[in-house]
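As structure tokens, the structure follows; a few thoughts come after it.
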Amino acid sequence: MTAKRLSLFALTLLAACGGESADRIAADSLSRDLQRAPVDSVATLGDYPAAAPAKPVATKPKPKPAPTPRALVSGTIISTAVDREINSRTNKAGEIVTTTVSANVTDSRGRVVIPAGSKVTMTITEIRESENKGDKTGKLTLTPTEVAIAGRSYSLSASAEALDRQLKDRKTNAGDVAKVGAGAAVGAIAGRVIGGSTKGAVIGGVIGGAVGAQRAVETQDRDVVVPAGSRVQLTLQSGLTI
């Protein structure tokens, strides 16, 4: 009986202790909640969007150096061909003629300065037919003024020589007949003076006419002719830069 009482007392004591502990823990917990620092709901938070990755800086390409000008030096030969026939019978001083460059003209570095097919403009400075057999060439002076390259014109300072020019005999004209008549008249006058008779005048006239005819042949005009497509060689008198 005593043992049962002791056991019951112990259980009651334990229960009492356990209840007090639970109440104390709850009280402590409530006390701690009341002592927490107040939270400011309007405070600005330090939340910022992540910075965008930096874009690579584009580097500008270095400018290419300006190309070195292409140039021809004084004395450079330019081969061309005349586009239309030049004839001292039909052409006059001051007229314009053109030639076509026959082959590429290059500078000292091998770069083409004047391509084949470029047009050269020239002025007929002087043109004159051959007036006697002793004149083997007549007179023709061509002065280059400009060359057209890729649609642009460049001034030229050059001399020109027509390498294939010819002399072509003209048909007998009034001037030649006049020369023959003058020779006959001179011969007739000489015959009268020498022979003193009509017969002498006839003989003198025949001789004079023969002399006049020979004189006409010797002084017969011959035209300077440069056929179309024939060669005209240019020589630069000063440099050309493009």
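So the sequence shown is numbered by the numbering used here: it starts at 1110 and just counts up by one.
Just so it is clear, CB atoms sit at the ideal spot from N, CA and C, and this is done for glycine as well.
Confirm, please, whether the CB-CB distance from residue j to residue i is below 8 Å.
i	j	result
Val1214	Met1231	no
Ser1339	Ser1183	no
Thr1208	Val1222	no
Glu1255	Ala1202	no
Val1333	Val1191	no
Ala1257	Ser1211	no
Ala1337	Glu1204	no
Ile1351	Arg1179	yes
Thr1189	Leu1349	no
Lys1277	Arg1237	no
Would you tell me roughly how many angstroms separate the C-alpha atoms of residue i and residue j, rounded to the nearest one?
i	j	result
Ser1268	Thr1185	11 Å
Gln1275	Ser1264	29 Å
Ala1271	Pro1172	47 Å
Pro1224	Thr1250	25 Å
Leu1345	Asn1200	25 Å
Arg1329	Gly1247	The displayed chain sequence assigns Gln, not Arg, to residue 1329. Looking at the two C-alpha atoms, the distance is approximately 12 Å.
Arg1220	Lys1245	40 Å
Gly1162	Pro1170	It is Pro, not Gly, that sits at residue 1162 in the sequence shown. Near 24 Å, if we compare the C-alpha coordinates of Pro1170 and Pro1162.
Pro1176	Pro1165	32 Å
Ala1325	Lys1242	Its pLDDT being 49, under 50, Ala1325 is placed unreliably by the model, and nothing is read from it.
Asn1196	Ser1217	37 Å
Pro1253	Glu1240	26 Å
Ala1160	Thr1168	23 Å
Arg1279	Gly1260	41 Å
Asp1273	Ile1187	16 Å
So what's residue i in DSSP terms, helix, strand or just coil?
i	result
Glu1235	strand
Leu1143	For Leu1143, the predicted model reports a pLDDT of 49, less than 50, meaning its position is unreliable; a value from the coordinates is still stated below. In this structure, Leu1143 counts as helix in the three-state DSSP scheme.
Ile1351	coil
Ser1262	strand
Thr1199	coil
Thr1177	coil
Arg1324	For Arg1324, the predicted structure reports a pLDDT of 49, less than 50, and the residue's modelled location is therefore unreliable. A value from the coordinates is still provided. Residue state, collapsed to three classes: helix.
Val1182	coil
Val1166	coil
Thr1246	coil
Ala1161	coil
Tell me, please, which residues DSSP counts as bridged to residue i.
i	result
Lys1277	Asp1332
Pro1253	Met1231
Gln1342	Ser1188, Glu1270
Thr1208	Val1191, Val1229
Val1221	Thr1215
Is the closest heavy atom of the ligand PLP to the C-beta of residue i under 7 Å?
i	result
Gly1203	Ligands displayed in this structure: none; no statement on the ligand PLP is therefore possible.
How about residue i: is its C-beta nearer than 8 Å to some C-beta of chain C?
i	result
Pro1178	As a matter of chain content, chain C is missing from the structure shown, which is built from one protein chain.
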